[in-house]
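Everything on this sheet refers to the single structure shown next.
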């Protein structure tokens, strides 16, 4: 192998290594994105399932503006302090002509990316303790 061939080989290997390291840096910089997205999904699903489990006449009390995630006791979860959750309840919504309530949960992660989940709740023959119908 001559000196010219050796220099050309080293230059080609150097260019390939630089391209490889550049791609790895880009991939590494975005490696946390799926984790943040999955945590946002889990938080939103938790809030949505909790709201959907409420009696029909108490759904509007579940609505709140953006705040840090809280546990069932109402205490903030320190590990999720960078997230915010907003829950809206639209009781005037209709689902195929049937009275229904639309519940929307919006979670914003520490990188300020929002995720929104929606659910529908209808009144299906619910009664209070006195036997009064809760459905409109």
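In this note's numbering, the protein residues as written are 2 to 137.
Think of the CB as a built atom: it goes at the ideal place given N, C-alpha and C, for glycine as much as any other residue.
Residue 135 and residue 79: beta carbons closer than 8 Å?
-> Not a contact, by the Cβ cut-off of 8 Å.
Of the residues 106, 65, 123, 122, which one's Cα is nearest the Cα of residue 115?
-> Answer by Cα proximity: 106.
In three-state terms, what does DSSP make of residue 129?
-> When DSSP states are grouped into helix, strand and coil, residue 129 belongs to the coil group.
Under the three-state reduction of DSSP, which class applies to residue 88: helix, strand or coil?
-> If DSSP states are grouped into helix, strand and coil, residue 88 belongs with the strands.
Residue range of the unbroken beta strand (DSSP E) whose run includes residue 68 | The continuous beta strand (DSSP E) containing residue 68 extends over residues 65–68.
Is residue 68 closer than 8 Å to residue 86 when the C-beta atoms are compared?
-> Residue 68 is positioned such that its CB atom lies closer than 8 Å to that of residue 86.
Run through DSSP, which three-state label would residue 78 get?
-> It is coil, neither helix nor strand.
Alpha carbon of residue 130 to alpha carbon of residue 55, nearest angstrom = Take the alpha-carbon of residue 130 and the one of residue 55: they are about 15 Å apart.
Thinking C-alpha only, which one of 102, 97, 38 is nearest residue 64?
-> Answer by Cα proximity: 102.
Say yes only if the C-beta of residue 127 is nearer than 7 Å to one or more non-hydrogen atoms of the ligand ATP, and no if none qualify.
-> Of ligands this structure carries none, so the ligand ATP is not represented either.
Inter-residue Cα distance where the pair is residue 36 and residue 24 = Looking at the two C-alpha atoms, the distance is approximately 20 Å.
Nearest residue (CA-CA) to residue 88, options 39, 53, 8 | Checked all of 39, 53, 8; the closest Cα to residue 88 is 53.
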